[in-house]
Every structure is written in structure tokens, then in C-alpha cells.
Amino acid sequence: MRLVWISLFFILGQVSFAQETKDVEETNLNVAIGIDEIVKLDYKFNTKVSIGNDSLIQLILAPSKQEITFRGVKPGKTSVTVRDAVGEIRDKFIVNVTSDGNSNTVRELRELLGDIEGLEISIKGGQVTVGGEIVVPDKIGRILTVLSKYPDVLLLIEYSKQTQTIVAREMQDVVNKNGMRDVTVRVVNGDYWLEGVVNSEGKKILAENIAKAYLPDTLSGLGQAVGGDRFRGKVRGEIANFINVNEKKDPEPPPKIIKVSSQFVELSKDYLKLFAFKWAPFMSNESSISFGKNEAGGITTEENGTLSGTISRLFPKLQSAKQAGYARIIQSGMAVTNNEKSIFIKKESKINFAVGTGEAQEAREASILFQMTTVPKIQNQENVELQNLNITVSLPNGEDSAGNPQVTSNEIRTNITVKSKESAVIGGIVQSNSNTSYDKNDPDPTTAQAEGDTAQASSLFEMLRSKSYTTKKSQFVVFITPEILDTATQGTEEIRKKFRKRER
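The sequence shown maps to residues 6 to 509 in my numbering.
See the structure below:
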């Protein structure tokens, strides 16, 4: 029984080996350059097809249709091996690529024009043809140059529908931007139809001239340039003007709108550096001696207490300090108006305070103000003239010794021309104060007193040395920015965002 199993295993192994080493029948296939050969297979093949020499032939695979297209590149012989989905070799082709006069022409044209999208070069009816739908119109010049060297080539070229649609859209956009908003452009059977209504014959002609400027090179001109009557088929891409003229005056355009923005910026800096040295010891004397006359008329002397004294402020006083400050204040305003119409914008708040005491007390107020007035006028090249421009700004500037608020006012008046959407500095003032003092800063200005109501103090000596340096700088600058708008809502998106209502 064991011998039977060994024999059976040996026989099955021989059969399996014979199946694996079975040679696939080779199929001879002749492919002429310029004439594609399509081979239909009866199985799902692996897309990784082996080619002996891929410089001789190009394969176009269509797995869904189980088809392989053989396209010759240059003369020669090579092999092509096709496997099925599991990797088994199913077909082996011996491909012989041949060429004649037409094949050589196809090969040369593919080398020169093969990278142009939509162009097809092949042999049909024994004649080399260049056809297809061109996607990029700019390639026409290149095709013209190449085909001028091949007078026997038949031209069957058209523009693709996608290209024509893009060209029509560009035509319509430019026509609409030139004030003819009721004119449309569409592609009908390869031609460009201009349709709509204009109010003058001149605009109708203008629309047609604009469309012609965007029209690609005509294929009829290409055919004549490279060999006379070799272009086959209908010549398309012409302009058909179906615009109707309705004579009437153009409506008055709405007045231009101008937005004027101003920014007031004030910067202030202050710096203080102080050093002081004072040594002024004091001494008090509490003893006393009195001289007088007694009842008998004689002179008498009386001494009260004992001789004593107190020395105060024996140690010197030192003072050193540095102080610095920086402040920036920004006020901005914006207003929109029609061309050559005045602008007035104002924001004011008041601070009330009292001056004096008792019956002499009276109420006063300090105003915090921002005000802008001007008359904008549009000039050539988007320049805006700001006539009678007046900007007034009043800002708080601390308090006086009595605690009353102080206000600083700044005002500028001018006439200036600024380009739209550009900012210009229309004026400003710089103030700078510096002060250096010597021996004026007493670190201990109080008067020394000894203990007791009757104490008397006298200064032994006084030494004072001090130096202080103070600097203050302040400046304000006014910026102005005009902008020409199409509508009043344009350019106010940022402002509307700040006031947008949010709900949970």
C-alpha cells in the first residue's frame, strides 16, 4: 500500500511539472507605424505586460474591454508577454514593426506634435491624417510650422467644445465690462453667437470687434497656409453678430461714492533722573541763664536747669530716583459721501467739574472731541481731492494742582490730493522739553526741632548737592485715506462685523 501511494505522488508531480513547463504558443503580429492593431482577449489580463524592447512599440491597455492596442514607434522586432490575473502566461506575441513612407511620416509627426493635447496622428485610407480636437489654441502656431513641411498630410483638426466654451466666456466678460451688460456670447455649431440688446450701433460694432480680438486662429487659414485645399470639413469658429440696437440714451450713472478715513495718533514720552545729597545736622540747647535786678536794687544772676544740648540729623540724607513713561492715543473716524458732497462727523463727550469754594464756586466743563469736515472730489487717475479738510481733536492731559481736568486741543486745516486707497500724512507737531537742575532738590526739606515745646534748634552747617534731568517729548500725526467705492456697503465689512449680533 505504501508503494502505491509513492507511485501515485510521483505520477501527479510529473503531470504538474509538465503543465508548468508547457510552452505557450507564440503569435506573430505585424504592426505598421501609423496603423494601430487591436487584439481582443478572452480573459482578464494583468496590466503589467512584459515588452522585450519598449522603444519599438507602445501598448494601450483597456482591461475593462479586454483589449490591447499595439502602436508601432520605430521599425524592429520585439516580444510581448501577457499574463492572466493569477500570473499565468496566456499569450506571447512576436511583434514585427514595419514602416513605409506613410509610417515614417507618422513617426516623425508624433515626435514633433505628439505632446499636443487632443491631437491624433494616424493613417486612414492609405493617407496620413492629423485630426482631433485641439484643447489649447496657442498650439496652432506650432502645428502650422510643422505641417508646412508635410504637404501630403490630410488635416482634420477642430477646436474642442471645452476650449470654445472658455473662449466664449472670456469674450462675454470683456464685452460686459465695457458697458454692454445685456450682451451674451454662446457657441452654436462651432460658431460664436453674439446676442442681446445695445442702445447704439457703435456699441454693436464694438462688441463684435472685442469678440474678434479673442477669437483664436481660424483653422481654414491653417489649412490654406500648409498646402492649399487640404482642410476637410466645415470651417468653424466665426463670429455671428445678432445684437439688436435699441436707440435710447444711457441712464445717468449713479454718483461715485467716496469713503474718507482719518487717524489721529499722539505719542508722548517722559523721563526723570534725580540724585540728591544733604547733610545738615541741627543742635538744640535747653539751658538758660538770666540776669536781673533784685528788690534791693542789686544785680542778681539765676541759672535754671543744667547745661545740655541735642544734636539731630547727624547722618546725611540721600535720594536717587528714575522715572519713565510712555503713552499713545489713537483717534480714528470714517465717513462715506457722494462725490463733491461735504462730510461732517463729530464725537464729543464732556467732563463736568467745580472751580472755587463756598459761594464763589462755579461749574465748568472740559470737552473730549473728535471732528472731521471735508469735501472730497474725484480727479483723474483715481486721485481724490480733499477740499477744506479740517480735523480737530481734544484729549485729556492729566489734572492740575487742584484736581481739575486738563485738555489738549489739536487742529489741522489743509487742502490735499491723495490717490484712492493710499494713506498720506497731512500734518503733525513735535514738542520736546528738557530741563537740568543743580542743587535744587532737597531730599529732606522739613525743619528740625528738638523735643519739648521750648526747644530751640540751630544748624551746625548745611551741605546740599543735587542734580536732576527731566525730558518730555510729545508729537501728534494725522493720517488721511480716501477710497472710491461702487456702493455704500463696499468697504464696510469690518465695521459691520464689530456690530454683528451673536446668539447662542
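Beta carbons are placed, not taken as given, at the ideal position from N, Cα and C, and that holds for glycine.
No Cβ-Cβ contact shorter than 7 Å links PRO260 with VAL389. If you check the CB distance, ASN249 and ASN204 do not come in under 7 Å. Scanning its chain for C-beta atoms nearer than 8 Å, with the 5 sequence neighbours on each side dropped, one finds around ALA359 the residues GLN366, GLU367, ALA368, ARG369, in chain order. The stretch 97–112 makes contact with the stretch 29–41, as at least three CB pairs between them are under 8 Å. For ASN402, the uninterrupted beta strand (DSSP E) segment begins and ends at 388–404.
Put simply, the backbone Cα of ILE262 is about 12 Å away from that of VAL380. A distance below 6 Å between beta-carbons, with the five flanking residues on each side excluded, links MET339 to the following residues of its chain, in chain order: SER266. Here ASN344 has PRO260, LYS261, ILE262, ILE263, PRO381, LYS382, ILE383 as same chain residues with Cβ atoms under 8 Å from its own Cβ, once five neighbours each way along the sequence are excluded. The C-alpha of ILE215 lies about 46 Å from the C-alpha of MET377. Where GLN167 is concerned, there is no enclosing beta strand (DSSP E), although the alpha helix (DSSP H) around it starts and stops at 166–182. Contact annotation, LYS209 with ILE244: C-beta distance approximately 12 Å; criterion of less than 8 Å not satisfied. Ranked by Cα distance from GLU200, the first of GLU206, VAL190, ASN194 is VAL190. Around the beta carbon of VAL158, a 10 Å sphere encloses 16 or more other beta carbons of the protein chains shown; the residue is thus reported as buried. DSSP assignment within the stretch 40–108 yields the following whole beta strand (DSSP E) runs of 3 residues or more, N-terminal first: 42–45, 62–67, 72–77, 81–88, 94–103. Under DSSP, ASN204 shares a beta bridge with no residue. Cβ-Cβ separation between PHE484 and SER428: approximately 5 Å, consistent with a contact (criterion under 8 Å). Bounds of any alpha helix (DSSP H) do not take in THR413; it lies within the beta strand (DSSP E) bounded by 410–424. Judged by DSSP in its simplified three-state form, ASN385 adopts helix. Taken through DSSP and simplified to helix, strand or coil, ARG470 comes out as strand. Only buried fits SER104, as 16 or more other CB atoms lie within 10 angstroms of its CB. Beta-bridge partners of VAL360 (DSSP): GLU367. When DSSP reads this structure, LYS278 sits in a beta bridge with LYS327, TYR474. Burial state of GLU206 is exposed, judged by a 10 Å Cβ sphere holding fewer than 16 other Cβ atoms. Looking at PRO258, LYS70, ASP96, the one whose alpha-carbon comes closest to that of THR492 is PRO258.
Of PRO80, SER337, SER354, LEU391, the smallest CA-CA separation from LYS346 is found for LEU391. If you look at ILE38, you'll find it isn't in any alpha helix (DSSP H); DSSP assigns it neither H nor E. Taken atom to atom, the span from the alpha-carbon of ILE148 to that of ILE40 is near 21 Å. In this structure, LEU152 keeps its C-beta atom at 7 Å or more from the C-beta atom of GLY137. The beta carbon of THR441 is closer than 6 Å to those of TYR474 in its chain, skipping five residues each way along the sequence. Take the alpha-carbon of GLY432 and the one of LEU394: they are about 12 Å apart. GLU138 carries a strand assignment under DSSP once its states are collapsed to helix, strand and coil. Taking the Cα of LYS478 as reference, the smallest distance to any Cα among ASN438, PHE269, GLY195 is reached at ASN438. Here the C-alpha atom of PRO410 lies approximately 14 Å from the C-alpha atom of GLY361. Taking a contact as a CB-CB distance under 8 Å, the pair ILE139 and TYR164 counts as one, their CB atoms being some 6 Å apart.
Straight across, the Cα-Cα distance linking SER60 with LYS79 is about 7 Å. For ILE356, same chain residues with a beta-carbon under 6 Å away, outside a window of 5 residues either side, are ALA371, PRO410 in chain order.
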